[in-house]
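In the numbering used here, the protein residues as written are 1 to 170. Notes to accompany the following structure.
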Amino acid sequence: MKGRAEMHIVLHQPEIPANTGNIGRTCVATGTSLHLIEPLGFQLDEKSIKRAGMDYWEHLDVNRYMNYQEFLEKHPNAKVWMATTKAKKTYTEAKFGPDDFIMFGKESAGIPEEILVENEDTCIRIPMLDEIRSLNLSNSVAIVLYEALRQNEFAGMQTEGELHRLSWND
Numbered sequence: 001m002k003g004r005a006e007m008h009i010v011l012h013q014p015e016i017p018a019n020t021g022n023i024g025r026t027c028v029a030t031g032t033s034l035h036l037i038e039p040l041g042f043q044l045d046e047k048s049i050k051r052a053g054m055d056y057w058e059h060l061d062v063n064r065y066m067n068y069q070e071f072l073e074k075h076p077n078a079k080v081w082m083a084t085t086k087a088k089k090t091y092t093e094a095k096f097g098p099d100d101f102i103m104f105g106k107e108s109a110g111i112p113e114e115i116l117v118e119n120e121d122t123c124i125r126i127p128m129l130d131e132i133r134s135l136n137l138s139n140s141v142a143i144v145l146y147e148a149l150r151q152n153e154f155a156g157m158q159t160e161g162e163l164h165r166l167s168w169n170d
């Protein structure tokens, strides 16, 4: 198996603390870094973030940026996939590398179109019925992140489990 993938989730101006907490927990479970681009719609010390992330939050590799420009300056050569309902191709068409960044926008508006038009070739979407505007942010992160990890053979992750009281039949 290859070395561990070092994926990155980027939240551009997230608004709902419970979503960010859930995403943080998913990041800890997958060894993924979380990047938060301000302004945030909440304080990072809010109980709802810690409740959603439970006791995992202290193990999270979290990075904050004052704005999108600062994020770009700190990661000049990063491959950044833009998850948006406005994309022409689906997330399963992306070829995720082990160090890629996957950006998601704020719950009420998504990633600003000014950013999307500059990154058309890396815009991806989750297919859904046209009656639905979007999925929950934390669900969307989990769907796309696990596809990226699958494409990288879940490198460095535990892929088999054990029963607690019984044994699997071989």
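Where is the CB? At the ideal position from N, CA and C, for every residue including glycine. Here the structure is a predicted model, which means the values were calculated and not measured.
- Judged by DSSP secondary structure, Ser138 falls within the alpha helix (DSSP H) whose first and last residues are Leu137 to Gln151.
- Secondary structure of Ile9 (DSSP, three-state): strand.
- Assignment of Lys106 by DSSP, reduced to helix, strand and coil, places it in the strand class.
- Looking at the backbone, the Cα of Glu70 and that of Ile115 are separated by about 14 Å.
- By the neighbour-count definition (other C-beta atoms within 10 Å, threshold 16), Asn169 is an exposed residue.
- Under the three-state reduction of DSSP output, Phe96 falls in the coil class, being neither helix nor strand.
- Under a 10 Å Cβ-count criterion, Met103 is classified as buried, with 16 or more other Cβ atoms of the shown protein chains found around its own Cβ.
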